[in-house]
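First comes the structure, then the notes that go with it.
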Amino acid sequence: MPAYALAQVHSVEVCPDTVEYLRRIDATLDAFGGRFLVHRGKFETIEGSWGRKGLIMIEFPDYQQAHAWYTSPAYQDILPLRTRHMTADVIIADGVPAGYRAGHRFDEH
């Protein structure tokens, strides 16, 4: 079942560190089957509040791969390049299996 690393981005300072981070992050994803699904782009907040700079979503084959990517030495090496210049809320979340229907959640009880 896929899993996702998501970041709600509040602020970004574009500087040499963030440029280097962006140039290096793709190589950290490859070993864990990660790929960008959303990388900021156009967005509209239709309910509640959201980070002014948007959403980043990276898909992984499963939760273990997503967690292993985040804690990997390769990613931890570049992480300070981002965290020194970006304010964001970051989570890892399980996806749902193919064919999932929200109403079925209560069928088991």
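Every letter in the sequence shown is one number past the one before it in numbering that gives the first Met the number 0, and letter 42, counting from 1, is 41.
Quick reminder that beta carbons are idealized off the backbone N, C-alpha and C, glycines included.
Work out the CA separation of residue j and residue i for me, nearest whole Å.
| i | j | result |
| --- | --- | --- |
| TYR69 | GLU43 | 28 Å |
| LYS41 | PHE105 | 35 Å |
| ALA101 | GLN64 | 25 Å |
| VAL95 | ILE57 | 15 Å |
| ARG81 | ALA26 | 15 Å |
Anyone know if the C-beta pair for residue i and residue j falls short of 8 Å?
| i | j | result |
| --- | --- | --- |
| ILE45 | HIS66 | no |
| VAL37 | ILE55 | yes |
| VAL11 | HIS84 | yes |
| ALA87 | HIS9 | yes |
Smallest Cα separation from residue i: which of the options?
| i | options | result |
| --- | --- | --- |
| SER48 | HIS38, ILE77, GLN7 | GLN7 |
| PRO60 | ASP76, THR82, HIS38, GLY32 | GLY32 |
| PRO79 | HIS9, TYR3, LEU21, ALA4 | LEU21 |
| MET74 | PRO1, ALA30, LYS52, VAL13 | Checking the sequence, you will find Tyr at residue 74 rather than Met. Answer by Cα proximity: ALA30. |
| LEU28 | ALA97, ALA4, GLY53 | ALA4 |
| LYS52 | MET0, PRO1, VAL13, SER71 | VAL13 |
| ASP76 | GLU19, PRO1, TYR99 | GLU19 |
Is DSSP giving residue i helix, strand or coil here?
| i | result |
| --- | --- |
| TYR69 | helix |
| ALA2 | strand |
| ARG100 | coil |
| PHE35 | strand |
Between which two residues does the beta strand (DSSP E) carrying residue i extend?
| i | result |
| --- | --- |
| ALA26 | Looking at the DSSP string, ALA26 is not in any beta strand (DSSP E); the run it does join, the alpha helix (DSSP H), is 15 to 29. |
| PHE59 | 53 to 59 |
| ILE90 | 85 to 93 |
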